[in-house]
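**Student:** Residue numbers (the numbering used here), protein chains in the order written: chain G, 2 to 264; chain F, 330 to 654.
For glycine and all other residues, C-beta sits at the position ideal for the given N, C-alpha and C.
This one's a predicted model, so the numbers in the text were calculated from it and none came from an experiment.
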Amino acid sequence: MKICVLVKEVPDAAVEKRIDPSTGRLDRTGEKNLNPFDTHAIEAAMQIKEGGAVDVDEVVAVTMGPESAVRALHKAVSLGADRSVHLTDEALAGSDVAATGYALAQTLAAEQPDLVLLGQQSDDGECYTIGAVVADHLQMPSLTQVIKIDVSDGNLRCERQAEYGYDTVDIELPAVISVGDAINEPRYPSLKAIMGAKKKPLDTKATGDVEIDVAMVGGDGSQVACGNFHDPPQKEAGQIIEDEDTAETVEKIVAWLDERKLI
Amino acid sequence: MSNILVYVLHYEGEFNKNSLGAVSEAAKLASELGGEAHAIVVGDDGLTDEFLAGLGKYGATKVFRAKAPEGLAQPVVDAMAKVIDDNGHSYALFGGGLLGFEIGAGLAARKKAGVTMEVTEVKVDNGELVASRPILQDSMISESRYTGDLGVIIGRLNAFEVAERNGASATVEDVDVELSPFSTKAKMVQRGEQRGADVNIEDADVLIAGGRGLGKPEGFEQLDELAAAFGGAVAATRAVVDAGWFPYAGQIGQTGKTVAPKLYLAAGISGAIQHKVGMQNSENIVAINKDSNAPIFEFSDLGIVGDLNKIVPKLTEAVKAKKGS
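#1: Across which residues does DSSP place F:Gly-425 in a beta bridge pair?
#2: Distance check for G:Ser-69 and F:Glu-531, CA to CA, integer angstroms please.
#3: Report yes if the C-beta distance between F:Ile-625 and F:Gly-600 is below 8 Å; otherwise report no.
#4: Would you kindly report the start and end of the unbroken alpha helix (DSSP H) that includes G:Ile-195?
#5: Pull up the distance between the alpha-carbon of G:Leu-263 and that of G:Ile-254, whole angstroms please.
#6: In this structure, what does DSSP give as the bridge partners for F:Met-469?
#7: What are the boundary residues of the alpha helix (DSSP H) that F:Asn-416 is part of?
#8: Within 8 Å of any Cβ in chain G, is that where the Cβ of F:Pro-463 sits?
#9: Tell me whether F:Ile-640 is buried or exposed, calling it buried when 16 or more other Cβ atoms sit within 10 Å of its Cβ.
#10: Alpha carbon to alpha carbon, how far is G:Pro-67 from F:Ala-564? Give it in angstroms, no decimals.
#11: Anything in the stretch 545-576 of chain F with a Cβ closer than 8 Å to a Cβ of chain G? List those residues in chain order, please.
#12: Do you know whose CA, among G:Ile-242, G:Gln-240, G:Cys-227, lies nearest G:Arg-26's CA?
#13: If we count the other Cβ atoms within 10 Å of its Cβ and call it buried at 16 or more, is F:Thr-476 buried or exposed?
#14: Residues of chain G with CB closer than 8 Å to the CB of F:Ile-413, please, in chain order.
#15: Could you name the residues that DSSP lists as bridge partners for F:Asp-454?
#16: Measure the CB-CB distance between F:Gly-548 and F:Ile-598 and report whether it falls below 8 Å.
#17: When burial is assigned at 16 or more other CB atoms within 10 Å of the CB, is G:Ser-1 buried or exposed?
#18: Would you say G:Ala-109 faces chain F, with C-beta separation under 8 Å as the test?
#19: Output the boundary residues of the alpha helix (DSSP H) element that contains F:Gly-548.
#20: Assuming G:Pro-37 is part of the alpha helix (DSSP H), what are its boundary residues?
#21: If you draw a straight line from the C-alpha of G:Ile-178 to the C-alpha of G:Cys-5, how long is it?
#22: Is the beta carbon of G:Asn-156 closer than 8 Å to that of G:Asp-171?
#23: Taking Cβ positions only, does F:Arg-485 come closer than 8 Å to chain G?
#24: Any idea which residues DSSP pairs F:Val-501 with across the strands?
#25: Does the contact criterion of 3 or more C-beta pairs under 8 Å hold for the stretch 490-501 of chain F versus the stretch 379-396 of chain F?
#26: What is the residue span of the alpha helix (DSSP H) that G:Asp-259 lies within?
#27: As a quick exercise: from F:Val-518, F:Asp-415, F:Glu-341, F:Pro-404, pick the residue whose alpha carbon is nearest that of G:Pro-142.
#28: So for F:Ser-312, helix, strand or coil by DSSP?
#29: Checking contacts by CB at 8 Å: is G:Gln-146 closer than that to chain F?
#30: When you compare only the Cα positions, how much space is there between F:Pro-590 and F:Ile-537?
#31: Check each candidate in G:Ile-148, G:Pro-175, G:Leu-118, G:Glu-112 and name the one with the smallest Cα separation from G:Val-140.
#32: Using 8 Å as the threshold, is the C-beta distance between F:Arg-494 and F:Ser-353 below it?
#33: Quick check on this structure: which residue in G:Leu-258, G:Val-251, G:Asp-259, G:Arg-261 has the alpha carbon closest to the alpha carbon of F:Lys-643?
#34: Starting from F:Phe-430, find everything on chain G with Cβ-Cβ shorter than 8 Å and list it in chain order.
#35: Which of the three DSSP states is assigned to G:Glu-164 in this structure?
#36: Figure out for me which residue from F:Leu-594, F:Lys-441, F:Gly-372 has the closest Cα to the Cα of G:Gln-224.
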């Protein structure tokens, strides 16, 4: 069995994010990191590989992004992936969700995975949807926000929380599964794994290598244009208390509640 | 002519509230566009003409009925793609909820359409729909405009208000859907399992909610005591419900309940968007978190940066004393 894990490089959580007014795209300069939600997908792949219920031949990390995205792949490999694939091409810049999903699907199709795993959302785009786009292009069954996966021969039993409670769903492989952050506690990479990550095989692909129709990607291939970025209606900032003396803090809270007749 | 197709989710004989909001919103927008709002409902023989025609009350003029498995996205994508191919809808609209994200994204892939998610407002401009969504942890608003034949709009939870428009009933039309081979490879084994006790959080004036910052399941004991002092109830985030620390019936947010109590006190909750959408209309929001950068402080009326294990017990005593006086 072959597992591909989709990963993404995102601005570090501590970095202030902004839209570049000249391009209308997210300013992605500054410190970057592997999308924290993706570490759960890699961990899920490792647990399947180590679980012994099925034989996993390899775990492959796949990303799309500029040259710097290689660091996200190195991180993924340090967490256990055997090798990685980097789709990078000027023609992809400015792709919307649908175009990105198409490009990733073409890259995955060349790998012919039995299972594609990804995180429930990216830390920057907040879209939750790339898995469903990829699955439709690959013509594979799909489920998102999965918090438990049991693998048997050619089949997955998945659990997730949906609108009306917990659903249990059986899915035939090959399939695309996005995992929720409750599925596991990702491991930390060992120093040895971090040092060795750059030595693992990394394939760099351009659009032509995986038969991507360039008319369907990039800004021109996208069917939605974002613009007119503006501030949300301002809510009056709340009062903040730093707890230094807890008795005093509690006194302040009680006075605040009392003033509003909440006690 | 610009018609809008709305996916309407139903469960145990009732339409989903967010879906009804989306129908109401579509009816309003369609009237401005000079088109019609249509709905599509997917399910088994339980979908009677009478039940479906009831969507007319919210402004749908036509309801498409497709016989296909419920609760999974891909059969619905097949059905919606077929209806749009046959009828040429210009937009597909979804209320907030997990399935809407999956169906909307699948439909965008299938129809090569633009898609915008977490939409909080839709307006008509120049005969087209423009969808606004908050981005970057709600610090900015972005507007989407669509090119191409179809635009997909996925609402944020509770973004669209349910509004009854007129007394007319909708016509019901059956759709013959041939499911894609991969759409039948996922099968629902069990749907809507309620994990944990049945707790009531929707009627409480005061809610004390706990998140991962409690550290362990026993952390809820001190919240029980604080809630009892207020005469309120205890609620939780998705993270701790998934971890098995608290019953699903007491969960706030995207796949849980939406509440608006007089007082919402969040203990050890970071304030992810999926949680915020379920409680942001509370009258007063108080947050206790040791991380001063936690997003919840952005939308709290009173924020306390500190250790909840120190503050909550003392607060409980103080509230009891105040009530006793």
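**Tutor:** Taking the geometry as given:
#1: Bridge pairing for F:Gly-425: absent [DSSP].
#2: Those two C-alpha atoms are separated by around 48 Å.
#3: Yes, the Cβ-Cβ distance between F:Ile-625 and F:Gly-600 is below 8 Å.
#4: Bounds of the alpha helix (DSSP H) holding G:Ile-195 are 192-197.
#5: Going by the C-alpha atoms only, they are around 11 Å apart.
#6: Answer is F:Ile-464.
#7: Per DSSP, the continuous alpha helix (DSSP H) segment holding F:Asn-416 begins and ends at 402-416.
#8: So yes, F:Pro-463 belongs to the interface.
#9: Looking at its Cβ environment, which holds 16 or more other Cβ atoms inside 10 Å, F:Ile-640 is buried.
#10: C-alpha separation (whole angstroms): 43 Å.
#11: Going along the stretch 545-576 of chain F in chain order, one finds Phe-559, Arg-567, Ala-568, Val-570, Asp-571, Ala-572 with a Cβ nearer than 8 Å to chain G.
#12: Out of G:Ile-242, G:Gln-240, G:Cys-227, G:Cys-227 has the C-alpha closest to the C-alpha of G:Arg-26.
#13: Label assigned to F:Thr-476: exposed.
#14: Near F:Ile-413 there are no residues of chain G at all, since even the closest Cβ is about 14 Å away, more than 8 Å.
#15: Answer by DSSP bridge pairing, in chain order: F:Glu-457.
#16: Taking 8 Å as the Cβ cut-off, F:Gly-548 and F:Ile-598 do not qualify as a contacting pair.
#17: With chain G covering only 2 through 264, there is no way to say anything about residue 1 of chain G.
#18: The sequence given here has Leu at residue 109 of chain G, not Ala. For G:Leu-109, the answer is no, since every Cβ of chain F falls outside 8 Å of its Cβ.
#19: Per DSSP, F:Gly-548 is one residue of the alpha helix (DSSP H) stretching across 548-559.
#20: Residues 37-52.
#21: CA-to-CA, the gap between G:Ile-178 and G:Cys-5 works out to about 11 Å.
#22: The Cβ atoms of G:Asp-171 and G:Asn-156 lie closer than 8 Å to each other.
#23: Not closer than 8 Å to any Cβ of chain G, the Cβ of F:Arg-485 fails to qualify, so no.
#24: F:Val-392, per the DSSP bridge assignment.
#25: Cβ pair count under 8 Å is three or more, so yes.
#26: Annotation: the continuous alpha helix (DSSP H) that includes G:Asp-259 extends over 247-260.
#27: For the residues F:Val-518, F:Asp-415, F:Glu-341, F:Pro-404, the minimum Cα distance to G:Pro-142 belongs to F:Pro-404.
#28: Lying before the first or after the last residue shown, residue 312 of chain F is absent from chain F, which here runs from 330 to 654.
#29: At least one chain F Cβ lies under 8 Å of G:Gln-146.
#30: Their backbone Cα atoms lie some 10 Å apart in a straight line.
#31: For the record, residue 140 of chain G in the displayed sequence is Gln; it is not Val. Looking at the Cα atoms, G:Pro-175 is the closest of the given residues.
#32: The criterion of a C-beta distance shorter than 8 Å is satisfied by F:Arg-494 and F:Ser-353.
#33: Comparing Cα positions, the closest option is G:Val-251.
#34: The answer, in chain order, is Tyr-129, Thr-130, Ala-133, Thr-145.
#35: If DSSP states are grouped into helix, strand and coil, G:Glu-164 belongs with coil.
#36: For G:Gln-224, the nearest C-alpha among the options comes from F:Lys-441.
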